[in-house]
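K.L.:
In numbering that gives the first Met the number 0, the protein residues as written are 0 to 74. Yeah, the Cβ is synthetic: ideal placement off N, Cα and C, and Gly gets one too.
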Amino acid sequence: MDNKDGTMTVKFAPSEKGLHEMDIKYDDLHIPGSPLQFYVDFVNSGHVNAYGPGLIHGVVNKPAVFTVDTKDAGE
0 MDNKDGTMTV
10 KFAPSEKGLH
20 EMDIKYDDLH
30 IPGSPLQFYV
40 DFVNSGHVNA
50 YGPGLIHGVV
60 NKPAVFTVDT
70 KDAGE
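This is the structure in structure tokens:
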């Protein structure tokens, strides 16, 4: 979702435990770090958010910094 302030909000609610791979693209090109892999141990949608400039703008071979907030996700 375009926040109209130079940032984007991305929400993902996994429905299964296990190893996941996510492609994040801008203008049909992978951003740095994409695809990314992560493991979901407990499915509890709606309690994890990701935000930051790295989710909306990427430059090849440069870090794309963003935050994944899991404080309300439980154990």
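1. In chain order, what residues of the same chain lie with their CB nearer than 8 Å to the CB of residue 60, ignoring the 5 residues before and after it?
2. Buried or exposed: which applies to residue 57, given that a residue is buried once 16 or more other Cβ atoms fall within 10 Å of its Cβ?
3. Might you give, ordered along the chain, the residues of its own chain that have their beta carbon closer than 8 Å to the beta carbon of residue 22, omitting 5 neighbours on each side?
4. Roughly how many whole angstroms lie between the Cα atoms of residue 16 and residue 1?
5. Using a Cβ-Cβ distance cut-off of 7 Å, determine whether residue 49 contacts chain C.
6. Cβ of residue 47 within 7 Å of Cβ of residue 66?
P.N.:
This is what the structure holds:
1. Translated into the one-based positions of the sequence shown, residue 60 becomes position 61. Excluding positions up to five away in sequence, the list reads 31.
2. Residue numbering aside, residue 57 sits at position 58 when the sequence shown is read from its first letter. By the Cβ-count criterion, residue 57 is buried, with 16 or more other Cβ atoms from all chains shown falling within 10 Å of its own Cβ.
3. Within the sequence shown, numbered from 1, the residue matching residue 22 stands at position 23. The residues are 29, 33, 34.
4. Within the sequence shown, numbered from 1, the residue matching residue 16 stands at position 17. Within the sequence shown, numbered from 1, the residue matching residue 1 stands at position 2. About 29 Å.
5. The question asks about chain C, but that chain is absent: this structure has only one protein chain.
6. Along the sequence shown, read from residue 1 onward, the residue named residue 47 stands at position 48. Along the sequence shown, read from residue 1 onward, the residue named residue 66 stands at position 67. No, the Cβ-Cβ distance between residue 47 and residue 66 is not below 7 Å.
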